[in-house]
Amino acid sequence: MPDVTFTVDGKKLTAPAGTLLIEACRKAGIEIPAFCYYPGLSLQAACRMCVVRQEKVPKLQTACTTTVAEGQVFTTESPEITQARKATIELLLGNHPLDCPVCDAGGECELQDMTFRYGAGESLYTEAKNHREEQKWSPAVYFDRPRCILCYRCVRMCGEGMDVWALGIANRGSSAIIAPNGGDHLDCEQCGMCIDACPVGALTSDTYRYKTRPWEMNHVSTVCTHCGDGCKVTLGVRQVDDGAEIVRGDNRDKSGINGDFLCAKGRFGFDFVDSKDRLTKPLVRNAAGTLEPVTWEHAIRVVSNKLKEIRDSKTENGGGSSIGVIGSNTGTNEENYLLQKFARTVLGTNNIDHIRTTDYAAFVRAMAGHEHRAASLRDTETAKAILLIGGNPTEEHPLLAWNIRTNFRHNTARLYIATDSPIKLERQARQTLSLPVEGYESLTAFLSGDDSALGEIENAKTFREAVNAEESLLVIFGQEFRGAAIESLVKWGLAKENVKFAYLGDYANSRGAADMGLSPDLLPGYIPVTTPGAFAEEYPNLSTQPGMTAPEMLDAGCRGELAALYIVGSDPVTAYGTDPAALKRAFVVVQDIFLTGTAALADVVLPAASLYEKAGTVTNTFGDIQLVKKAADKAGVKPDFEILVRIAGGMGADVKKLVPFGRGSITVPAVTAPALSVDFVPTPRPIPSLRGIHGDLGQSRGAHSGEADRHAVWLAARGLELRLSPFDPLAALDEIERLVPSYKLDRLNLFAGNDVHSEPGFVPVASLTAPTAAELILPAHDGLFTSGVLGDHTKALVELNSYQESISQPVAEAAAD
Amino acid sequence: MSSAETMSIFSPALSARFDALVLKYPVKRSALIPMMLYAQDEVGYLSDAVIEEIAQRLDLTMLDVRNVASYYSMLRFKPVGKYNVQVCTNISCMLRGAYDIFEHLEEKLGIGHKGITADGVFSLEEVECIGVCCWAPAIQVNYDFHDDLTNDKVDEVIAAYRAKAGRADAKGESANA
Chain R
25 MPDVTFTVDG KKLTAPAGTL LIEACRKAGI EIPAFCYYPG LSLQAACRMC VVRQEKVPKL
85 QTACTTTVAE GQVFTTESPE ITQARKATIE LLLGNHPLDC PVCDAGGECE LQDMTFRYGA
145 GESLYTEAKN HREEQKWSPA VYFDRPRCIL CYRCVRMCGE GMDVWALGIA NRGSSAIIAP
205 NGGDHLDCEQ CGMCIDACPV GALTSDTYRY KTRPWEMNHV STVCTHCGDG CKVTLGVRQV
265 DDGAEIVRGD NRDKSGINGD FLCAKGRFGF DFVDSKDRLT KPLVRNAAGT LEPVTWEHAI
325 RVVSNKLKEI RDSKTENGGG SSIGVIGSNT GTNEENYLLQ KFARTVLGTN NIDHIRTTDY
385 AAFVRAMAGH EHRAASLRDT ETAKAILLIG GNPTEEHPLL AWNIRTNFRH NTARLYIATD
445 SPIKLERQAR QTLSLPVEGY ESLTAFLSGD DSALGEIENA KTFREAVNAE ESLLVIFGQE
505 FRGAAIESLV KWGLAKENVK FAYLGDYANS RGAADMGLSP DLLPGYIPVT TPGAFAEEYP
565 NLSTQPGMTA PEMLDAGCRG ELAALYIVGS DPVTAYGTDP AALKRAFVVV QDIFLTGTAA
625 LADVVLPAAS LYEKAGTVTN TFGDIQLVKK AADKAGVKPD FEILVRIAGG MGADVKKLVP
685 FGRGSITVPA VTAPALSVDF VPTPRPIPSL RGIHGDLGQS RGAHSGEADR HAVWLAARGL
745 ELRLSPFDPL AALDEIERLV PSYKLDRLNL FAGNDVHSEP GFVPVASLTA PTAAELILPA
805 HDGLFTSGVL GDHTKALVEL NSYQESISQP VAEAAAD
Chain F
2 MSSAETMSIF SPALSARFDA LVLKYPVKRS ALIPMMLYAQ DEVGYLSDAV IEEIAQRLDL
62 TMLDVRNVAS YYSMLRFKPV GKYNVQVCTN ISCMLRGAYD IFEHLEEKLG IGHKGITADG
122 VFSLEEVECI GVCCWAPAIQ VNYDFHDDLT NDKVDEVIAA YRAKAGRADA KGESANA
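Going down the list, the protein sequences come from chains R and F.
Under our numbering, think of the first position of the first sequence as 25, with each following residue one higher.
Under our numbering, think of the first position of the second sequence as 2, with each following residue one higher.
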């Protein structure tokens, strides 16, 4: 649309014709109040708060439905408009309870703000208030009817945004009321988006209601620890006796990769942090064979002495190769990087792996050398055409599903789905192709032109024609694809212009674990250990012999061929169904937040911090890297990073070589061009002279870690990278950036809390090796309310899970009739 | 759709009418209000089964159907008597004694607003303007109007309906048919 010029409050504004006046004004810094208007959802014009005076129009107009045109003149504040808004608020307050002092929304309530602004605190209405008791609609959602101002935001959010349509408006006039679809309860996805959208305290969440006030919390924006989408979640944190507790999870500033969205897991799934099952003391198996609480110093000493003894032993069952290390899918990139560096340089073994839930190695191998072909999660919101093959985004990748729905709604994106079982996103699909369960590889062949590959499947040819006719395409595929199947699919797409790819995997940092080289045959950045390149210099004593995979390590442990197993944030005994008794002969160290199946049989158990209790970076399944900030705190636990450094130190390793910190330890990377905004040119400084002068002033700890991040932005913008502590994970990030080809990071953006995309295309083609075994991949397929071990220990999610099962039961019976 | 046809809770005639009605509008849900009215005429009220079938026929959720229905006071979720007596108490009727008539009916039938007699023959309702202001006061019994009323005339009207109900009973028809 061409730009038009119009006048608001005497200011000349320019915006594309057809822009909503309220949006045009907000962009120009003129705020027009509104309750019912919500960007991205359909227009309602129900609240009458946004009324403005338009020249030559007899009545006040609603700014949320007025589109701008050339030459219009508006007034947004005048005594007349103030009076109109005040009258609206007076009507809204007619039956609104004056319970702000106990209301959850008090302090962040839009009605409260407007009442203060327009002074409608006094009213001429003397009618008695019509009180109704609060209703519990589900274990997550509560409804306080008198507080509701009928803005319809929740109704539209649930219907249009979530495609759930569980809320509506019943009755008429003053008896109108928000109605849930189950009559007195909600049968929905329990995402809590209605609570987020509610401008007042009518919809409240079970996890937060009546607990605290917004100004009594510190708000820490970090990355959700549950699925592979990596939503930004703001945790409300409050000090308690044994640290800092999380009181609320929400999407407060909407500034993250997830925009407006957050699902049930991100919003309600944080109480595992305070679970009674949490490990808070190091445990060492005593002579009697039971795990006994000990001090950290003792536990670290036991671990480092034993690992050192095994490593230095010259017997048949000794040396680094008799130690196995298994890393985590939820730890940070820095921890995973450090873990493999510790294994390879301190322990001297390539026996390092993680429980692989997704075949990222095969994906990156297929993408190597092809830049700009890997999709960011942000691309899913704007792509003109999307081909979704396999996977179930609504259940396993809620943000991806939200983005696809939004893209469909706003841009009429064309969605093509090929799936073996029905999925909810088919409602938005232009065409759906039903594949047999084993038909995914044949689909690639069919798309490549082999007519007989799919046999007789209805609509297959029209599906292919439509997909091939797309000028640009975003191909998103699920864990049905592994190994060679990924390679052939990517090859098909790379032959076409403007095709990007995304591979759907589980867990908050499964992608990062693979990227950081938690693999017996691949170093960080998928560099083969057989041809280590730069790593040969960086990593003293690096063996070029690939080590054992995780299942091989367990088998070797059971046979007595592995003297020690060091397991971080992982439960391989349960995952691979290993007989716990068989591992008795190996020295097993487990570092985790709960006493998992593997931890229960360990010789030493070290209580670790969860992702919400530490800092670092994580990479989502799309390869978007984001900053994790420390929100909560728990007495007794330590981040994996610190534990590792302490064990390495205890073993007598040179910690400065492991973690580049302090004076003379850092190779400062050249500041990359995209890291700098156009209007800021850093002054080059003699960095060595500054190194080691400043402390971090203690701001990298606790709920105030945001301070340290601003500090880091300042440092980064000036090309300074001061790491004064060996426990500062960002020291490892410096090294990751230097050594991992795909992690060329825009630091200013990263530290400002934005997502930064990694580029698998930077992985050198020369590093291509034989495919890793596809049968090692064990997809987790966590749904809306499950999240592996974390989910089992999260009361809110367990409760939601059983609630969903209980309400879906009668429906199933009715269908059977 | 075929399941709705084969398992319809409506009579074949109404079912056929609905099939045609759905195709009449550019958007299916436009048929919602007429469908609810016709369904109420046949079944007597909007039962859960009625709402379910209408929702299914229009690709709506039951919540959608309920939300629209609850907006309109002439759509009801509970059964009424065989003869639903609706007394207008808007201004014209009120000025000409509608409340006397309403109270008379309350006493005579032994029920109040929205009540149903024990035998299920009559129900009573106070309603807004029914458009008979020129012959006020007026009442509407199902779809029939009785105007220019006095208490005596009301007695005659009620007696006539009671007799009609008696005849229907004698013929063995159900009171709610």
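For every residue, glycine included, the Cβ atom is placed at its ideal position computed from N, Cα and C.
| query | result |
| --- | --- |
| At least three beta-carbon pairs within less than 8 Å, the stretch 556-567 of chain R to the stretch 447-464 of chain R | no |
| Proximity below 8 Å, CB of residue 89 (chain R) to CB of residue 69 (chain R) | yes |
| Cutoff 8 Å: residue 161 (chain R) Cβ touching any chain F Cβ | no |
| Contact list for residue 71 (chain F) against chain R, beta-carbon separation under 7 Å | 194 and 195 |
| Chain F residues whose Cβ lies nearer than 9 Å to that of residue 203 (chain R) | 64, 67, 68 and 71 |
| Simplified DSSP state of residue 842 (chain R), which is helix, strand or coil | Because residue 842 (chain R) is not part of the residues shown, which for chain R are 25 to 841, the question remains open. |
| is_contact[residue 167 (chain F), chain R] using C-beta, thresh 8 Å | no |
| Residue 141 (chain F), enclosing alpha helix (DSSP H) - first and last residue | Segment 140-142 is the beta strand (DSSP E) holding residue 141 (chain F); no alpha helix (DSSP H) there. |
| Stretch pair the stretch 376-386 of chain R + the stretch 747-764 of chain R: three plus CB contacts closer than 8 Å | no |
| Inter-residue spacing [alpha-carbon to alpha-carbon] between residue 711 (chain R) and residue 51 (chain R) | Caution applies to residue 711 (chain R), whose pLDDT of 42 falls short of 50 and renders its modelled position unreliable; the value that the coordinates give is listed next. Rounded to whole angstroms, residue 711 (chain R) to residue 51 (chain R) spans 40 Å at the Cα level. |
| Closer than 8 Å to chain R by CB, residue 16 (chain F) | no |
| Own chain partners of residue 515 (chain R) with C-beta closer than 6 Å, once the 5 adjacent residues on each side are dropped | none |
| Beta-carbon proximity check, residue 105 (chain R) vs residue 112 (chain R), cutoff 8 Å | no |
| Range of the contiguous alpha helix (DSSP H) that encloses residue 93 (chain F) | 92-96 |
| Members of the stretch 404-435 of chain R near chain F, C-beta cut-off 7 Å | none |
| When R:304, R:328 and R:329 are compared against residue 318 (chain R), the one with the closest alpha-carbon | R:304 |
| Close-in-space but distant-in-sequence residues of the same chain around residue 496 (chain R) (CB under 6 Å, 5 per side omitted) | 408 and 522 |
| Contacting residues, own chain, Cβ-Cβ under 7 Å from residue 379 (chain R) (five flanking each side not counted) | 353, 574, 594, 596, 599 and 802 |
| Cα-Cα separation between residue 126 (chain F) and residue 119 (chain R), rounded to whole angstroms | 28 Å |
| Pair within 8 Å by beta-carbon distance, residue 32 (chain R) and residue 46 (chain R) | no |
| Cβ-Cβ distance between residue 216 (chain R) and residue 257 (chain R) below 8 Å | no |
| Helix, strand or coil at residue 260 (chain R) [DSSP, three-state] | strand |
| Run of the beta strand (DSSP E) containing residue 348 (chain R), from where it starts to where it stops | 347-351 |
| Inter-residue spacing [alpha-carbon to alpha-carbon] between residue 142 (chain F) and residue 85 (chain F) | 5 Å |
| Same chain, Cβ closer than 6 Å to residue 71 (chain R), neighbours up to 5 away in sequence not counted | 59, 60 and 175 |
| Selected residue, minimal CA-CA separation from residue 120 (chain F), among F:31, F:97 and F:80 | F:80 |
| Endpoints, the alpha helix (DSSP H) within which residue 361 (chain R) is located | 357-365 |
| Start-to-end residues for the beta strand (DSSP E) that takes in residue 67 (chain R) | It is not in any beta strand (DSSP E) - residue 67 (chain R) carries neither H nor E in the DSSP assignment. |
| Interface residues of chain F facing residue 854 (chain R) [CB-CB closer than 8 Å] | As shown, chain R starts at 25 and ends at 841. That puts residue 854 (chain R) outside it, with no answer to give. |
| Sub-8 Å separation of residue 36 (chain F) and residue 52 (chain F) beta-carbons | no |
| DSSP-derived helix/strand/coil call for residue 546 (chain R) | strand |
| Alpha-carbon spacing of residue 655 (chain R) relative to residue 635 (chain R), whole angstroms | 9 Å |
| Range covered by the beta strand (DSSP E) that runs through residue 89 (chain F) | 84-89 |
| Touching by the beta-carbon criterion (3+ pairs, under 8 Å), the stretch 193-211 of chain R and the stretch 151-165 of chain R | yes |
| Residues of its chain near residue 648 (chain R), where Cβ-Cβ distance is below 8 Å and the 5 sequence neighbours each way are ignored | 254, 281, 400, 401, 402, 779, 780, 781 and 782 |
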